[in-house]
Amino acid sequence: MGSAKGSLLGVGIVVVLLAGWFAQKYGLPPPPPKIAGIDLGTTYSSIGIYHAVTGETTIIPDDIGKKSVPSVVAFLPNGTVIIGTRAVEQQEHNPKRTIYDAKRFIGRNFEKDNKDFLADQKRYPFKINLDTEGKAFFEIPLDFGVKNVYPEEIGSLIVEYLRTAAGKQLGVTLSQVVISCPAEFNEKQRNFTAKAAQIAGMEVRRVISEPTAAALAYGLHKKQGVENVVVVDLGGGTLDVSVLWLQGGVFVTQAMAGNNRLG
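Read in order, the letters of the sequence shown correspond to residues -27 to -1, 1 to 236 in mature numbering (1 follows the signal peptide of the UniProt record, and there is no 0).
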């Protein structure tokens, strides 16, 4: 005989399956989703949810109907935070407090004489500096002083904005997330991407590579005869090309190349 724990697990699985069957057969509403998928992009970000009963995925727009939200965070002189399209609309009049492209700096360390970092300091209208560990942060001049904000904190504000907007529309609190990142991100960059969601109060179930997320979204793992897949991700700020190998329904990254200045 199986253990009591095993029996309870089996009963739980049966209950879930029966609930799904009854929901489909009698048109009952599916259980509310609690796990979100978030694409925290360099230029745009979005949030979606997966319906376990129907097998469908829905991208949730924000409160002004945008499914792709600009990855832009602005601070007003009094400290008020504006995110997305509204932040872009006021950018011309508030360039030193409007932060974008934060993803380029997340989880990275620079030397003060790094050529790319020095070029970025000149390229952006807002001020970027390095702390004693070489981590980049943004200096935001406010009425009550200068506020130092790190890239993962900018990311967390975007995640919280998406989470709140989607939660209001769905009538639930989205507490867990699967978040995507570029395939070339190292472990530290992946960890800081996860940290952005954690700061926003979400439990990170998994950090998934963007090419893998794209392949799964198109259902390539379910198609017969698919072994190797080339994914071209031409984003707003970067270009990435990845070769994936499908083995047992799981995608493995075989090779990748990209340009984080082409998009």
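C-beta: ideal position from N, C-alpha, C; glycine also.
Secondary structure of A170 (DSSP, three-state): helix. For A190, the three-state secondary structure derived from DSSP is helix.
The bridge partners DSSP lists for R179 are V151.
By DSSP's assignment, L217 forms a beta bridge with V202 and T226.
When DSSP assignments are scanned along the region 29 to 88, the uninterrupted stretches of alpha helix (DSSP H) that are 4 or more residues long and fall wholly within it turn out to be 58 to 62. For the pair K120 and I32, the Cα-to-Cα distance works out to about 33 Å.
Per DSSP, E126 lies in no beta strand (DSSP E); the unbroken alpha helix (DSSP H) holding it starts and ends at P124 to L143.
Taking the Cβ atoms as the reference, L219 lies roughly 10 Å from T185, outside the contact range of under 8 Å. For the set T15, Q162, G10 and A9, the Cα lying nearest the Cα of G236 is the one of T15. Its chain contains V150, I152, A167, A170 and Q171 as the residues whose beta carbon lies nearer than 7 Å to that of V177, once the 5 sequence neighbours on both sides are disregarded; these appear in chain order. Relative to the Cα of F48, the nearest Cα in the group G192, L147 and E62 belongs to E62.
Per DSSP, reduced to three states, the secondary structure at E160 is helical. For L13, the beta-bridge partners assigned by DSSP are S18. Linking V122 to Y23 through their CA atoms gives a straight-line distance of about 32 Å. Checking the DSSP bridge columns, you'll see V119 partnered with P114. CA-to-CA, the gap between V204 and F117 works out to about 47 Å. Per DSSP, L235 lies in no beta strand (DSSP E) and is assigned neither H nor E. Going by C-alpha positions, P6 is about 45 Å away from K85.
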